[in-house]
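Counted the way the numbering used here counts, the sequence shown spans residues 4 to 301. Notes for the one structure printed next.
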Amino acid sequence: MAERLDDLRASFVRHLRAEGKAERTRRLYAMSISMFADWLTDRGRPATLEELTRSAIREWLAELAETREASTVRTRFAGLRRFCGWLLAEGEIPAHPMKGLTAPTAAERPVPVLDDGELVALIKACAGKDFVDRRDEALIRVLLDCGVRVSELCGLKVADVDLDREMALITGKANKIRPIYFSTRTIRALDRYLRERRRHRWAHLEALWLTQRGALSTDGARERIKARAEQAGLRDRMHPHRFRHTFAHDFLINGGGERDLMRLAGWSSDAMLSRYGAAGADVRAREAARRLRRGDRV
């Protein structure tokens, strides 16, 4: 009987868990397999190991590139490639069907940055003095000030935050630690939240961000941001990475150096500079042209 991809996916996810891969990584890789299996089913083909062929994978990726963001295509490519590597190592397939393949190029649509009006509306949506309001305002302000990844945000511990020094230490990818810095208003919001936190039933936990059930998860943080955006009347799809793009844009347009931005954002490659600064590139170019135009000096 042919092996079903869904059954093999479950074994693969257990392998990733044993390797210590993050929950989000496991979920993204599993989603890649599920999407490929669904694609096969939609075309009347069995979602089995025999259908995991080089030609089928190429066709699936090509269709993805026509309709999905470039970052999504890369993620799906990486997930399925890792799955194929595991299958090969486990002796389930004789050869790697994706060996030598590269992810197809897809149009990189810039993520729009948040304007001042949207940011003010988000902050106003958190107006209030209860625990959830204090937490959500502090959380949103940290994202705005520091442009951290949502996994980094939720990984913060109380001990990582030093309000007197206006900073915190973030643990990023590959467990690299870097400092982030807070504005005066963010410090005030954090101070208010920490006072509320000391009275919380889960105050003994190390995690900075708490809910009624314990520590705030990355999915929980995404849901809180989405809820506040809806409350603020923001129609565009809101997700934590829009703050990261906005942070990069603001930093560059206000004269920040690219190397400093790489350090603050936790990037090891300068390729990320163009990706995260893309949405505001035209605005920055226009402002630079206005500052530097010679016609106003002669």
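In this text, a Cβ means the ideal position worked out from N, Cα and C, and glycines have one as well.
Which same chain residues, not among the five before or five after residue i, have their C-beta less than 7 Å away from its C-beta?
i           : result
residue 128 : 231, 234 and 235
residue 63  : 39 and 42
residue 88  : 99
residue 214 : 223
residue 84  : 101
residue 225 : 153, 242 and 243
residue 44  : 50
residue 200 : 206 and 213
residue 254 : 264
Closer than 6 Å by C-beta to residue i: which residues in its own chain qualify, once you throw out the five before and the five after it? Chain order, please.
i           : result
residue 300 : Any answer about residue 300 is weak, because its pLDDT of 46 lies below 50 and its placement is not dependable; what the coordinates show is given next. There are no such residues.
residue 163 : 171 and 172
residue 15  : 86 and 89
residue 297 : Because the pLDDT of residue 297 is 47, which lies under 50, any placement of that residue in the model is unreliable, and the question is left without a value.
residue 57  : 100
residue 249 : 116 and 117
residue 59  : none
residue 48  : 54
residue 155 : 173 and 175
residue 91  : 99
Between the options, which has its C-alpha nearest residue i's C-alpha?
i           : options               : result
residue 246 : 60, 135, 146 and 67   : 146
residue 187 : 168, 202, 199 and 172 : 168
residue 151 : 219, 130, 165 and 184 : 184
residue 197 : 12, 82 and 132        : 132
residue 9   : 34, 19, 271 and 26    : 34
residue 26  : 253, 249 and 220      : 220
residue 179 : 92, 267 and 229       : 267
residue 82  : 29, 155 and 229       : 29
residue 23  : 261, 229, 191 and 177 : 177
Once the 5 residues before and after residue i are set aside, which same chain residues still bring their CB inside 8 Å of it?
i           : result
residue 237 : 121, 124 and 125
residue 77  : 106
residue 102 : none
residue 61  : 104
residue 217 : 205, 208 and 210
residue 108 : 68 and 73
residue 66  : 42
So residue i and residue j are in contact, right, with Cβ under 8 Å, and what is the actual spacing, rounded?
i           : j           : result
residue 36  : residue 86  : 5 Å
residue 195 : residue 137 : 5 Å
residue 203 : residue 134 : 7 Å
residue 166 : residue 193 : 6 Å
residue 227 : residue 148 : Incorrect: roughly 17 Å between the Cβ atoms, too far for contact.
residue 32  : residue 19  : 7 Å
residue 252 : residue 116 : 5 Å
residue 144 : residue 189 : 4 Å
residue 175 : residue 269 : 4 Å
Using a Cβ-Cβ distance cut-off of 8 Å, determine whether residue i contacts chain B.
i           : result
residue 136 : Annotation note: the requested chain B is absent from the structure, which comprises a single protein chain.
Contained alpha helix (DSSP H) runs [length at least 4] in the region 10-60, N- to C-terminal order: Runs of the alpha helix (DSSP H) lying entirely within the region 10-60, each at least 4 residues long, are 26-45 in chain order.
For the region 91-106 and the region 159-176, state whether three or more C-beta atom pairs, one from each stretch, are separated by less than 8 Å. With the rule of 3 Cβ pairs closer than 8 Å, the region 91-106 does not count as touching the region 159-176.
Would the region 4-23 count as touching the region 46-62 if we require 3 or more Cβ pairs under 8 Å? Yes, the region 4-23 touches the region 46-62.
List in chain order: all unbroken alpha helix (DSSP H) runs of 4+ residues lying wholly within the region 110-151. Within the region 110-151, the complete alpha helix (DSSP H) runs of at least 4 residues are 119-128 and 134-149.
Jot down the residue ranges of each uninterrupted alpha helix (DSSP H) in the region 168-254, minimum 4 residues, whole runs only, in chain order. Counting whole runs of 4 or more residues, the region 168-254 contains the alpha helix (DSSP H) stretches 187-200 and 221-234.
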